[in-house]
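Heads up: the sequence shown runs through residues 16 to 238, numbered per the numbering used here. Following: one structure in structure tokens, then a few remarks.
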Amino acid sequence: MTEDEASGLARHDLLRVDPESWARLLAGRRDLDGVPHLAEWARRGWPVITRRRDPGEPADHIPAGLPLPPSAGKRRIGLALPAAAASRFGPVTLESARVTAPEAWRPVVDEVLALGREHRLVPHVFGSLLWQALTGLPYLGAGSDLDLLWPVSGRVDPRFLQALARIEAGAPMRLDGEIVLPDGAGINWRELLDAPIGGTVLCKGRESLALRPAASFLAEVTP
């Protein structure tokens, strides 16, 4: 991708890395020698995920990373990619990842999908379910959360957040995740639900963090 295209990336965007560029990247990272799964990662077509830029990282590179599965220590690998080495990899929807979810999760997944359809929202996955769905490696465990991204085109209906909380209350796992704003910034859905009148929520962008009024993201509901 071009540098202009790279500048438009948001947190949690997935990227495919050219295998030759991947090999050069690893050759310059002796600290990653012998780390399980890394050598074949790009060759297998597995993506990396865009993250927030750490202080001191080069501005002309894309901040990205990947988590290793629990069997490999759950280490989070931070990378800085030249734009030319990367291309977009489409998001993974909850519907497509459903087959990878544990059987005990399936009824909750179906409830969440139905809620999304009701509000015309399409949830994407990240976290353990995403990586297991993409790689086939064992990321999910007994304590795993269901991590979801909810891209929205405007304000959020509070009734959607309330319904999501009700689903979580009866679920065998925690429902974590973010509302993803049109500019790519993310807000924790639970923080938005629980924000007091006049309160603020933390908006996480790829390059910044900002506290903004919660009310500016919530739709008015007519009784």
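C-beta atoms are modelled at their ideal positions from N, C-alpha and C, and glycine is treated no differently. The structure presented is a predicted model; accordingly, all values stated were derived computationally and were not measured.
Suppose you measure from the CA of residue i to the CA of residue j; what does that come to, to the nearest Å?
i: Leu152; j: Ser168; result: 33 Å
i: Pro78; j: Arg58; result: 20 Å
i: Gly199; j: Glu55; result: 30 Å
i: Glu235; j: Gly105; result: 32 Å
i: Asp69; j: Pro82; result: 17 Å
i: Ser36; j: Ala99; result: 9 Å
i: Gly213; j: Arg227; result: 10 Å
i: Arg170; j: Ala230; result: 9 Å
i: Leu96; j: Glu206; result: 32 Å
i: His52; j: Leu233; result: 42 Å
i: Leu130; j: Trp204; result: 14 Å
i: Glu72; j: Pro122; result: 43 Å
i: Ala38; j: Gly93; result: 15 Å
i: Val137; j: Trp165; result: 7 Å
i: Asp33; j: Gly185; result: 43 Å
i: Ala11; j: Val63; result: The question about residue 11 has no answer, for the chain in this structure spans 16 to 238.
Would you grab the beta carbon distance between residue i and residue j for me? Rounded to a whole angstrom, and I think it's under 8 Å.
i: Arg103; j: Met16; result: 7 Å
i: Thr115; j: Leu161; result: With 8 Å as the limit, Thr115 and Leu161 do not qualify as a contact, their Cβ atoms being about 11 Å apart.
i: Leu109; j: Leu163; result: 6 Å
i: Gly192; j: Lys219; result: Contact doesn't hold; Cβ gap of about 12 Å is too wide.
i: Thr65; j: Leu24; result: 5 Å
i: Arg26; j: Arg221; result: 5 Å
i: Pro156; j: Pro211; result: First, the residue type needs correcting, since residue 156 is Gly and not Pro in the sequence shown. Going by Cβ atoms, the distance from Gly156 to Pro211 rounds to 35 Å, so no, they are not a contact pair.
i: Leu240; j: Leu190; result: For the chain, the structure presents residues 16 to 238; residue 240 sits outside this window and is missing.
By alpha-carbon positions, which one of the options ends up nearest to residue i?
i: Trp61; options: Leu149, Arg135, Leu164 and Gly156; result: Leu149
i: Glu133; options: Glu72, Thr215 and Phe175; result: Phe175
i: Val107; options: Gly142, Lys89, Pro73 and Arg135; result: Gly142
i: Arg256; options: Ala42, Asp46, Gly158 and Ser111; result: In this structure the chain extends from 16 to 238, so residue 256 is not present and cannot be described.
i: Tyr154; options: Glu118, Ala87, Glu126 and Glu72; result: Ala87
i: Thr237; options: Pro122, Gly93, Ala101 and Asp172; result: Asp172
i: Ser111; options: Gln147, Pro84, Leu94 and Ala119; result: Gln147
i: Val140; options: Leu40, Ala42 and Arg113; result: Arg113
Does the beta-carbon of residue i have 16 or more other beta-carbons within 10 angstroms, so that it is buried, or is it exposed?
i: Val124; result: buried
i: Leu30; result: buried
i: Ser223; result: exposed
i: Ala101; result: buried
Compare the C-beta of residue i against all C-beta atoms of chain B and say whether one is closer than 8 Å.
i: Ala229; result: Among the chains of the structure shown, chain B does not appear; only one protein chain is present.
Q. Which ranges would you report for the beta strand (DSSP E) in the region 121–154 if only whole runs of at least 3 residues count?
A. 139–141
**Q.** Any beta strand (DSSP E) of 3 or more consecutive residues that is wholly inside the region 19–87
**A.** 29–32, 63–65 and 76–82
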